[in-house]
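Undergrad: The structure under discussion is supplied below as structure tokens; questions concerning it will follow.
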Amino acid sequence: MVFTSDRLGLADRLGCQRHVRAGAASGRSTVHTHAARVRGARAAHGGKTQARIRSGALASGGMSDYDFEAMQRRWQPVWESLGLFTADGSGKPRRSLVDMFAYPSGDLHMGHAEAYALGDAVARFWIQQGYDVLHPVGWDAFGLPAENAAIRRGAHPAEWTYANIGTQAESFRRYATSIDWRTRLHTSDPSYYRWTQWLFLRFLERGLAVRKRAAVNWCPVDRTVLANEQVVAGRCERCGSAVTKRELTQWFLTITAYAEQLLDDMAELEGHWPAPVLTMQRNWIGRSAGAYLDFGPFEVFTTRPDTVFGATFLVVAPDSALAGSLCSAGQRPAFDAYVSRVRGESDITRTAAGRAPTGVFLGAHGRHPFTGEPLPIWAADYVLPGHGTGAIMAVPAHDERDLAFAQTFDLPVRPVAGTRDTDASPDFLAGMDREAATARLIAEAEARGVGRAGVTYRLRDWLVSRQRFWGCPIPVVHCANCGIVPVPDDQLPVVLPDLRGEALAPQDVSPLATVRDWVEVDCPRCGGPAERDTDTMDTFVDSSWYFLRYCSPAYGKGPFDPDAVGRWMPVDQYVGGAEHAVMHLLYVRFFTKVLRDLGLVDFAEPFRRLMTQGQVVLNGAAMSKSKGNMVDLGEQIDTYGVDAVRLTMVFAGPPEEDIDWADVSPAGSVRFLGRVLRLASEIGAASPAAADHAQRSTPGPTLHRGSPATSHFTELSRSSEPPSAHPVDSRELWITSGDPGLRRTTHRLLAAITELMEEQRLNVAVARAMELANAVRRAIDGGLPAGDPAAREAAEVLAVVLSLFTPYTAEEMWARLGHPPGVARAGWPRADPALVAETTVICALQVNGKLRDRLEVPADITTDDLTALALASPVAAGRTVTRLVVRPPHVVNLVVSGP
RNA sequence: GCCGCGGUAGCCCAACGGCAGAGGCAGCCGAUUCAAGCUCGGCUCAGUGCGGGUUCGAAUCCCGCCCGCGGUACCA
């Protein structure tokens with residue numbers, strides 16, 4: 004195919020429009036009812052205009068110049084044939100941008116649209132700057148919804164999953180993200196999960212995958228165990244049902260062994276990751292430093308060892324082995340009754356605020372490590388089995404919970420530190436503040452052999468077993484003789500059997516357990532009869548290493564090609580929702596550290612920079628099907644077009660803030676895009692594109708390697724340094740004529756946009772682009788000929804800038820300006836510093852800090868000149884200036900005495 | 001309760017400690033139109049949640065409150 008400016012001319016455009024209108028009309032009725040409902044739910048101001056735009060774009064016969072359907076239809080195949088977004092591995096500096104991959108539940112939704120619009124703008128900015136950019140795509144394809152859908156429909160989870168992936172892939176294409184499709188992966192493909200299993204076995208070898216019997220979170224609806232992180236306020240993160248406890252033997256990944264590193268390495272993320280995410284991780288890990296003290300039958304952990312002399316009793320978690328072993332025969336009936344009561348409580352009731360303390364005396368005593376005093380041991384549910392040693396020393400004078408308990412059960416209260424008269428502390432702590440006393444006490448305890456310094460974490464090991472089908476099988480075999488035997492690497496993957504429909508129904512054990520000829524295998528070690536592990540892995544395991552697989556998705560000799568990972572990783576920019584702040588992002592960081600220790604990668608942090616986008620909400624509330632306040636992405640795109648939706652997402656506000664769809668206006672975006680297209684038409688018609696560049700009519704396959712339509716912009720350097728590091732080069736073919744005022748505006752705004760993009764303040768960058776469009780319009784309406792070189796320059800800059808946000812419209816502009824397709828790689832224009840610099844500025848003249856006058860002064864005015872000018876001003880007349888603050892060239896403040 | 005983030009025109013949002021308004025939405029007026037819509041032009045609208053402080057000068061920095069959002073909650 005050959006694309007010349009002729010073929011992209013007006014006649015062709017009109018032809019396209021006719022075609023599209025016919026197509027749109029036939030598919031319209033179904034869309035319309037949905038759209039009408041959505042409009043009804045919205046604030047009145049949005050709805051009215053929306054209806055107008057709709058009829059304008061689709062039915063008014065081309066009155067509106069903005070025919071997004073035609074543009075989408077025209078440019079998508081052109082782009083694909085040009086291969087614009089293949090990371091080429093050339094010598095150019097490289098960058099990688101990874102969007103958190105999608106879970107394939109139906110089509111893409113508004114949240115995806117926002118994340119991908121933001122990430123894509125950054126990726127496209129880098130591409131324009133001449134970086135070799137890896138922007139991959141994949142699917143988080145295992146998981147419960149597919150399984151539940153399969154049960155309902157008597158189907159296999161793969162059918163639902165891959166059908167949805169197909170739909171989403173199509174939407175991705177339509178959404179015009181700058182994706183390199185060669186990277187595509189699905190975590191449910193055996194060629195992927197083979198390596199998830201392989202990695203699990205490496206964890207196992209290192210002792211980082213362990214089987215433990217423990218009280219674990221159990222979701223009674225999904226009938227599977229859950230990781231701590233998947234329990235939100237005592238409820239299942241997925242289905243919302245109250246989580247109960249079960250005593251089970253399960254696989255854990257020992258993330259707690261990395262707690263300290265996970266904490267320490269945050270130093271290198273500081274400033275590059277959003278502060279709230281780092282705070283949330285820190286809180287989740289929950290490091291607390293203190294001491295272990297020996298009270299005879301057991302140790303307790305405390306962060307306040309300095310209060311040990313106020314300890315009057317001990318409390319152990321009732322649902323711990325320790326409590327059972329300590330209980331005396333006499334107290335056994337009371338204890339057993341209490342334990343069964345506690346076991347029956349959900350975490351929700353157990354941790355409910357303001358409830359009366361409960362507990363039972365165990366009929367046993369411990370011994371105070373310093374005084375030797377016998378202390379009664381109680382079991383109470385306010386002590387949790389999993390934290391510290393599952394036992395505490397109770398210091399009722401110091402701790403509210405201990406005090407409440409002491410008062411309920413009439414136990415003594417003994418004041419310490421801070422209440423001098425009654426202080427029970429010994430001389431060696433006298434007069435010390437808390438910190439010193441803590442250190443001193445630990446030293447004393449160590450000297451006497453009754454304690455030691457210690458640290459505990461809130462973080463628990465990561466429970467990865469799931470009693471469900473649609474996940475990655477755990478690649479071990481249980482053998483009566485050999486115990487747990489890993490499946491040998493050369494027998495991976497352990498492929499899921501073919502189960503569908505009712506066979507997948509949850510039944511407390513994994514559906515895999517019922518497939519006897521899958522379960523029963525020969526032990527790889529002794530050859531005797533053995534059984535496969537029938538659980539599958541938490542899908543967060545799949546997503547803990549996928550970014551590495553992107554670099555070499557078909558690699559067969561390992562989870563990833565080390566050379567490719569060396570080239571592209573770690574990820575320069577990761578983009579996704581803040582809802583993954585503790586789960587996914589903690590697990591990926593953990594995985595990366597383990598892979599580093601395994602020698603598989605040479606970095607400890609997976610993502611250099613993180614952008615967490617806010618949510619798209621409607622009328623202040625999160626969208627949900629049950630509330631019926633869903634905004635459908637497909638309908639938005641059908642109504643306004645891809646570009647307007649993308650622009651609205653980016654322009655709505657700072658990326659990390661929520662977007663209330665009721666507050667924003669895709670219709671406004673449509674108007675703006677229509678304006679810039681008309682601008683491009685006028686200018687394109689009035690002036691030819693620079694001859695030596697515009698005539699290059701056959702871009703061909705080499706297009707992606709350079710800049711296809713150079714126009715006024717030179718090709719970017721291909722040296723190994725980032726392009727931005729290069730000074731302005733005299734080869735730049737900036738025009739030498741044209742309206743100077745407009746040119747200054749163009750270059751000033753271009754400089755601002757460049758800086759804003761680097762700071763990722765995308766909403767403000769868009770505002771500046773709008774300003775540029777307004778400036779050109781005003782200039783032309785004010786008498787500047789559309790053929791003026793400054794107008795063309797401005798329009799071309801605008802097209803390149805908009806290519807980051809609204810690819811179709813930008814490409815259309817580019818065509819109307821007479822260029823061959825490929826604005827996405829036109830190259831980022833460099834602002835001319837001479838034009839950016841202001842010659843004169845308005846200087847504010849303040850009196851006592853209040854604005855009193857404005858002076859137009861040269862931008863490089865000296866302090867002396869400005870001082871003289873200020874004092875000569877009428878506002879200074881008759882005043883006694885006691886102080887003069889001169890900050891050339893922007894402000895002068897006269898501090899005067901009297902009125 | 002604790003931790004974090006945020007309160008600027010009717011709404012969404014800008015503003016190196018230096019002229020509170022860049023951009024958009026909505027509204028109003030006008031041009032265009034047979035008319036409506038679209039389009040174009042113009043206009044109105046806040047003294048920055050409240051109270052102190054620092055400073056020549058505070059939306060911006062500090063302290064104390066109020067409100068909203070998010071996270072977390074017997075973690076010893």
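Mapped onto our numbering, the consecutive letters of the first sequence carry residue numbers 4 to 902. Yeah, the Cβ is synthetic: ideal placement off N, Cα and C, and Gly gets one too.
#1: Does the count of Cβ pairs from the stretch 833-842 and the stretch 669-681 closer than 8 Å reach three?
#2: To the nearest whole angstrom, what separates the beta carbons of V398 and T310, a pair I think is in contact under 8 Å?
#3: Can you tell me whether L111 is buried or exposed, with buried defined as 16 or more other CB within 10 angstroms of its CB?
#4: Tell me, which residues are paired with N220 by DSSP?
#5: If you draw a straight line from the alpha carbon of W831 to that of F128, how long is it in whole angstroms?
#6: Which residues bound the alpha helix (DSSP H) around K596?
#7: Between P360, T842, L466 and A782, which has its C-alpha nearest V213's C-alpha?
#8: Roughly how many angstroms lie between the CA atoms of T354 and V219, to the nearest whole one?
#9: Return the CA-CA distance between R418 and F364, expressed in angstroms with no decimal places.
#10: To the nearest angstrom, how far is the alpha carbon of Y341 from that of G362?
#11: Assuming G457 contacts Y261 (C-beta within less than 8 Å), just tell me the rounded distance between them.
#12: Tell me which same chain residues have a C-beta within less than 7 Å of the C-beta of R469, skipping the five on either side of it?
#13: Tell me which residues share the same chain as S900 and place their Cβ nearer than 7 Å to its Cβ, disregarding the 5 neighbours each side in the sequence.
#14: Could you tell me the distance, in whole angstroms, from the CA atom of E449 to the CA atom of L281?
#15: Taking the straight line between their C-alpha atoms, what separation do you get for V488 and L204?
#16: Which word fits V888, buried or exposed, when buried means at least 16 other C-beta atoms lie within 10 angstroms of its C-beta?
#17: From what residue to what residue does the beta strand (DSSP E) around W381 run?
#18: For the alpha helix (DSSP H) containing S343, name the first residue and the last one.
#19: Suppose contacts are defined by Cβ-Cβ distances below 7 Å. Is R176 in contact with W221 by that definition?
#20: For G559 and T749, what's the separation of their Cα atoms in angstroms?
#21: Using a Cβ-Cβ cut-off of 8 Å (strictly less than) and excluding sequence neighbours within five positions of N632, which residues of its own chain qualify?
#22: Could you tell me the distance, in whole angstroms, from the CA atom of R156 to the CA atom of G504?
#23: Helix, strand or coil for T885, going by three-state DSSP, please let me know.
#24: Less than 7 Å between the beta carbons of Q576 and L100, yes or no?
#25: Of the choices A770, H583, L745 and E162, whose alpha-carbon is the least far from that of A755?
#26: Which residue or residues does DSSP assign as beta-bridge partners of N896?
#27: Could you tell me if K95 is buried or exposed, where buried requires 16 or more neighbouring beta carbons within 10 angstroms of its beta carbon?
#28: Could you please give me the residues that DSSP links to S84 through a beta bridge?
#29: Assign N484 to one of two classes, buried (16 or more other C-beta atoms within 10 Å of its C-beta) or exposed (fewer than that).
#30: How would you call L719, buried or exposed, if buried means at least 16 neighbouring beta carbons within 10 angstroms?
#31: Report buried or exposed for A359, applying the criterion of at least 16 other Cβ atoms within 10 angstroms of its Cβ.
#32: Spell out a yes or no on whether the stretch 174-188 and the stretch 114-134 are touching, meaning 3 or more CB-CB pairs, one atom from each, closer than 8 Å.
#33: What residue does the beta strand (DSSP E) around G579 start on, and which one ends it?
#34: Go ahead and pull the three-state DSSP assignment for H750.
#35: If you measure between the beta carbons of A802 and A813, is that distance less than 7 Å?
#36: Return the residue from the list G293, L266 and A768 that minimises the CA-CA distance to W287.
TA: So, from the listed chains and residues:
#1: No, the stretch 833-842 does not touch the stretch 669-681.
#2: Contact between V398 and T310 holds: CB atoms are separated by about 5 Å, below the 8 Å threshold.
#3: So L111 counts as buried.
#4: Beta-bridge pairing links N220 to L229 and K248.
#5: Between W831 and F128, the C-alpha separation is close to 8 Å.
#6: Looking at the DSSP string, the run of the alpha helix (DSSP H) that includes K596 is H587 to D600.
#7: Comparing alpha-carbon positions, the option among P360, T842, L466 and A782 lying closest to V213 turns out to be L466.
#8: Spanning the two alpha carbons is a distance of roughly 16 Å.
#9: Checking the sequence, you will find Pro at residue 418 rather than Arg. Computed Cα separation, rounded: 23 Å.
#10: When the Cα atoms are used, Y341 and G362 turn out to be separated by approximately 7 Å.
#11: That pair is no contact at about 18 Å.
#12: T227, V228, D538, T539, M540 and D541, listed in sequence order.
#13: T883 and T885, listed in sequence order.
#14: Answer to the nearest angstrom: the Cα atoms are 35 Å apart.
#15: Near 10 Å, if we compare the C-alpha coordinates of L204 and V488.
#16: Exposed, since its Cβ has fewer than 16 Cβ neighbours within 10 Å.
#17: Annotation for W381: the continuous beta strand (DSSP E) segment containing it runs P377 to A383.
#18: Secondary structure note for S343: its alpha helix (DSSP H) is the uninterrupted segment R335 to G347.
#19: With respect to the 7 Å criterion, R176 and W221 are not classified as neighbours on the basis of their beta carbons.
#20: The alpha-carbon atoms of G559 and T749 are separated by roughly 51 Å.
#21: Here the set comprises A44, L621, N622, A624 and M626.
#22: CA-CA distance, R156 to G504, rounds to 6 Å.
#23: In the structure shown, T885 adopts extended strand secondary structure according to DSSP, grouped into three states.
#24: The Cβ-Cβ distance between Q576 and L100 falls below 7 Å.
#25: Closest by alpha carbon: A770.
#26: Beta-bridge pairing links N896 to Q849 and V888.
#27: So K95 ends up on the buried side.
#28: Answer by DSSP bridge pairing: none, since S84 is not bridged.
#29: Classification for N484: exposed.
#30: Residue confidence is low: L719 scores 31 on pLDDT, short of 50, so the model does not pin down where it sits. Its coordinate-derived value is still stated next. Its Cβ being crowded by 16 or more others within 10 Å, L719 is buried.
#31: Exposed: under 16 other Cβ atoms inside 10 Å.
#32: Contact check between the stretch 174-188 and the stretch 114-134: three or more CB pairs, one atom from each, fall below 8 Å, which counts as touching.
#33: Looking at the DSSP string, the run of the beta strand (DSSP E) that includes G579 is Q576 to G580.
#34: For H750, the secondary structure class from DSSP, reduced to helix, strand or coil, is helix.
#35: A contact, by the Cβ cut-off of 7 Å.
#36: It is L266.
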